[in-house]
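Chains as they are written, first to last, in this note's numbering: chain X, 514 to 850; chain U, 514 to 850; chain H, 514 to 850; chain E, 514 to 850; chain S, 514 to 850; chain F, 514 to 850.
Cβ atoms here follow ideal geometry from the backbone N, Cα and C, with glycine treated the same way.
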């Protein structure tokens, strides 16, 4: 069987740091044949570094050279490029968030169904070893009741790139960072339907002209995204989810927390701990060893290839990514009410 | 000046463990002259142990022997007794929660205003040294944005007394335990008005007939209160509060957490830590020594006496306790929607 | 039903510190009616302190006043008194070790069968919460392969009492201290038959006239027991047990260790930890909470009463204690070969 | 003086990882002039990488180009090659274990005596800094009484190479791994004669088809060596040694433990700690700094060269390695009885 | 032999907390027959509590009833009472510091020599187990070069008693607290002669009217002693000593530190650690167990009685206490230059 | 503007490890145009490695090719070269200590004033992030009272280079190592004038022929510098400073300590901690994040360039380095008195 031809659209940090190395490491199954970027110079450099045959400025020109694309552009272009690729008969792995809004996401989903092609969204936290192991242990938790999600950084607004630009990114800390743990949480919970969302989005700290920031500097005046968000989500199963995410919280230290208390037990993901009852005792358990691939980006790329080749089911289905985008939409709406 | 005569209504654990010792320790200002209890035998024993002159079965008979009462009955009787006492011209310190519902609370407040007598609610967490110190440090936090409250126990439903009886107590983990940290949080935030409440109350775990419980056993069939509650509260200042409380969570360990992130800094109360920026650095600070009284029950009783005697303002004003009860009401209502 | 009448034979430290308080705490089921001791004065004092009706110098005189006895004399008298008591129709709980030799133990066992009375041996380590919980978890360990037992003290020969006197005690660190963990280990392993024993008993350190000892002083010249013992025991199941016990080892710190590696998992008892595989991971688990009685002496007394009253099976059966004594015999024999 | 010419026989992992770098680092005294391997391709690659002049498929052809050889083949070929080399007048450093059986070892020893050439066995644990320092401190331990050896790994059967093949290796965890700490222990004890050995060898865990293994996979059906061994060894000095070694134990964590309790003090080797009495106190001591070479492989190679050149005595004498092989033989025999 | 009759002069905290219990515990050798205090009421209470026969207001009246006295008055009266007691033929144990000035100390010493009676100064730190053990280990330190002494408290001026009154106490933190570790240091160093002293005494912090103090409150205006002192002392052996003592330092935490670096090794006293070289290694050692009496007050009283009874040499000789007072004098003088 | 031309005089370890990389990293402002060394070969190698145009044996020849020099020779040549450079109109950064004696330092200072050129001394500890942050926080400490300085290594005499040669270096541990923390301490204190110095310099340990040394070996006979120094310095502000420095102390572990207790608070520099009072509490604070450059050598070079270019004030002024040298002189003098 011939190898899947991969194209990379947008060759910034995430493409160079995660996706290109991953596809190159999977050279038994694929080969990167083309890259495109609105910054043609950058695309050329990347093609030279990685010995990629074709370079384009316009992503439309790339489709003919590939069987699948990986979309790494600013969020604003996710929907448009995805739909175009699918219409061109090309499989798509699109960086998270799926798109700027849930409406766009629905268009992407429709295009994928129409094209009968694979559409994956790069929520790579699901491919971490702790996440995969937690998923296997959910049976011991029982029906989830309460889920806690914290994706918090202390004074670390990303001062580079387009992160603080709402029209290009659609939002800040929630759509860029918190979305990962929100997606992971709902997947571990078994993807229940949400029935209500209440939320608050803040930007007060970053709007202060002289506040300290560890990750570079940005223009406080043009900053127009959220740097801190809280939300509360109810599901039709009765479960509730307490969410907090921030780039710039005034807290002790950066925190990634995801825990679920169910009817029978509890689980914490970072680090992985299981709280159960057994033989009349309460037990705490931790993995001494988890098998598998350390690099979630590699597992993610492999799952995408396997899905394209009909060898496996997608781990991150587009319907699931759509729900994450719906919740993000509803949080932002709730915040302005 | 003659000493304030104190009556104790209901002489169960909280009266014997906290309030009677506190008032006895303040013997310069007060004397316990009477006790009453529907269980007359218990009242007699307590009066003998503590050398209290008068013993009654009916609290109404007690009013004539006292200037102030401390109400330690099940929650259901708080409102009725408080109103009766105030109408009899007697100051009242009532155990938390203020009453079964905010409607009852409003009646109590009206009675206090009418009688021009002191009405205090025993939210004693406010008198802890960490709480008092945190209140002084709130200026360095700036306008609060996000507040996190966790009052969580692992598998410790109180199996004794009336705690699992909804008609007597009005609820479970939230109205009995979580109310303390909720009250403390709102006070530290500066008592802003709340504008929306969403919540979920659970009882699944305690309804399971064979689940393990560390604090005694109870009847799983008649259990009709919440053992786990989550909620999300928005305030008119824009602040939001994430609340979780439980008697029986499937978590690693019991947790009392209250932290606030504001525009300028952050604070954690247990243990007390302050997160600020200063001289272009981010600083973490902890108290090496906090002066003051270790026993919050003693400080609370002293503040009540001082208020009755016109020497100080109440720390826990009834209007503030009313707001806590309103929020509890709204959480329970939200949960059933 | 009338209460079981208990007699205590030998009222030294172990009687006063463990057994008398335990039987007194179980006053619903029993009453201590008599004590005896070759030191009559001591017996009288104890009877006065604990309000016990009958006091005797000769244990034979005590049998008529009791239904059951607890034997707390030096090891040398265990067999003689036990047989006499059983012949007098009295139930027996005898302190560990069962007797000086396995031959004596067999006589005791025969007498118990003949008399159809209960004969319990006070290996109270089995009643510790960790031990009881470990027993429940052995199913996850699978067939035991390797058992490690360490009952080690650093320079703490008991300098008081008769501990260093071989004719009264039958041995030193092994028969007095190591026997507990050896008994516990074999019980957790499921009481397999042993097929070979190799051992070494030492007394070099205690024979040195000027060595340091933390627990009082003793006569180095008359010291004639072991202060350090190693042994290796094979069982017909294929399992092997590595044993080390000492009163006076040159080691970092006192150590009580008992762990078992089985075909499926492993267990450690102090502290209780379980090592298993599950869902393709290796897991470590610890109890967050174990229910039950903290005082093993109380549980032990209760089990004895329940067995006498036909309400429960003995936890420590005399056949099992016999095996421990057989192994001790074989270790001492192996050492002198 | 001209440099010693070194030949390497068998150029697998241990040759490339330890011995070749060591001899190259000692270029003042020696030069590697030849390599041989049954896999001639591999030998050629190694010779190219390390610029070694001569390459052979048959080790016999190599002798003429060298003064000394280092034998790094599977255990099965140790005896044959050693004897051939010595008969060819070539010094030998042979990897551990010395050979498959003590009978073979005796032949090797006889050949060395006959040839008057140096025969070293690569028990490199003796050259670790902690080992060398411990040897110097043994005087403070006094006559050894009890020695404990644990060389334990949790679920780490080496799934590569020939480790699980009995006919090539002679055994599993004991002959491959435990032999190191057994050798080190006996050397620290002063090389006393052993008088009895009892042991048990297990393979139950590795024979289970679906058990988890951290270090690669192997064929559970053809696995025919031990993965877990216990043993008990008595010496004519009265000392006893408790031994446990495993590739795949169900335990908390990998453990390398070697400690000795003597008449005057105790010692632990990993980490190095000394337990003594002094001035009427019990003291614990640890090295703050130990001088010397960090890499034991380098020290081992240097000692071999020095011995060949008559400049120093061998640290690991073949008579000592023979005793280790005798004990291993006796453990395996004991296990099958 | 009849028991030594002891009198206590001054029955404040140090008498009641340390000396009276100590002499009572040594009832084989002594009996407290009399107490005196300028506060006669307090003396009567103490005599009743401890069943002491004679009570006096004037210490002169007490001498006839005793063989030895223990002087527990403010520092100002140490010299006068000591001289009077010795002239009355009574042995003396005097609390530290020996007196207000070295001139007074010399008078006391002269009186003791004249009277041929025992004169002990209560530097009880020397009787701590760590101190006694350190003294035994000084041989491994070799000739002392550098000694570091820190007796530091953070914001803990003793607000009670006469501690802040210079005319009664002669000084503050140095004469009251630092003197202990200074005395201990010089004793461990072998009591070398000092040849130069430079020092600084501070009171700035305590003179601030509103500074925080953990140990009660005092009058900032009348405060006229040192609350922080540094000094540097050279000895004729070449050794130097860096001294810091404080009641009220702005430091992380209270610290008692005494360490000595010598030509061969180093020692730290709290906790006890020894730093040596041995067998070409650097070693750190700590006691695992130190024998002896835990209560230094008891050992101190015993040594005084033994000295009075001719059974032992004094541990704290008055000549040594004189040197401490000389150094204190010189520090205060240096500070005002 | 053209770039500053830099010359490096003396190209040993400190030049290659710190200064050359720093100036190369600041290539916007400067270029290294010349190097000189009495070891011309070494100079040539360095010039090749770093592509530097001019190489000289005699430093005088270098001046014509540069605008500024960095002097990295043994201490003995600092004064001579500095004066020559300044007279040649060249800016100077000279390694610490400024010179062998304060007299030489004064000549250097005079030459700088005369030449109106920049003269910086490379006390790079001042450019550490902790030092810079501490300087900003000194306001919260208030007037300094007590300063503690420890620059201590355990048995680590630098056995290489010229460190143990008094005629080339002027001294040992104090002039080479302790000078850094002494300089930093006085700067943080606000550069008060010192009014008295007392000190002791030791070399006993290093003069012992067989003492252990971790950092290489040296000739114990020719060793003629201090390996351990203590000192006590008083300032006209009333502050005192306790100083200890050593290359070879018999202590637990290497220690760099600098703390200051002032009238209002205290500060520790390694790690950075602040001790204050606030709102009636005692607070401890630590930085969670300090901005700025991690490499103090880079900040130091940048400050020198900025000063040469008139863009900034020198951080380490020559007058301040002179005071450090004066104090070192006085310590050595005090030691010999």
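As for any alpha helix (DSSP H) of minimum length 4 sitting wholly inside the segment 768–824 of chain F, the runs are 809–821, ordered along the chain. Annotated as distal: residue 841/E and residue 634/E, with beta-carbon spacing of 7 Å or more. As summarised for the segment 515–593 of chain X, the continuous alpha helix (DSSP H) elements at least 4 residues long and confined to that stretch are 533–538, 553–563, given in chain order.
When secondary structure is reduced to three states using DSSP, residue 621/H falls in the helix class. Residue 753/H has 659/H, 747/H as its beta-bridge partners, per DSSP.
Between the alpha carbons of residue 684/X and residue 583/X lies a gap of roughly 22 Å. Under the three-state reduction of DSSP output, residue 636/X falls in the coil class, being neither helix nor strand. Residue 713/X is a Cβ neighbour of residue 743/X, given a cutoff of 7 Å. If you ignore the 5 residues before and after residue 632/X, its C-beta comes within less than 6 Å of the C-beta of 605, 625, 831, all in its own chain and listed in chain order.
Under DSSP, residue 709/E forms a beta bridge with 747/E. With distances taken between CA atoms, residue 542/F lies nearest to 519/F out of 553/F, 555/F, 519/F. Nearest C-alpha to residue 719/U among 736/U, 709/U, 705/U: 736/U. Under the three-state reduction of DSSP output, residue 714/H falls in the strand class.
From the listed residues 796/F, 836/F, 561/F, the smallest Cα separation to residue 786/F is found for 796/F. Annotation: Cβ neighbours of residue 802/H in chain U (cutoff 9 Å, chain order): 667, 668, 725, 727. Within the DSSP secondary-structure output, residue 606/S pairs in a beta bridge with 583/S, 633/S.
Taken through DSSP and simplified to helix, strand or coil, residue 762/X comes out as coil.
CA-CA distance, residue 802/H to residue 758/H, rounds to 30 Å. With 16 or more neighbouring CB atoms inside 10 Å of its own CB, residue 608/H falls in the buried class. Neighbours of residue 649/E across chain S, judged by C-beta separation under 7 Å: 792. Residue 640/X places its beta carbon 7 Å or farther from that of residue 800/X. If you look at residue 643/F, you'll find it in the alpha helix (DSSP H) that goes 642–650. The beta-bridge partner set that DSSP reports for residue 742/H consists of 714/H, 758/H. One alpha carbon belongs to residue 551/H, the other to residue 601/S, and they sit about 56 Å apart.
The DSSP-derived three-state label of residue 665/X is strand.
For a cut-off of 8 Å, the C-beta gap from residue 668/E to residue 726/E is around 6 Å, short enough to register as a contact.
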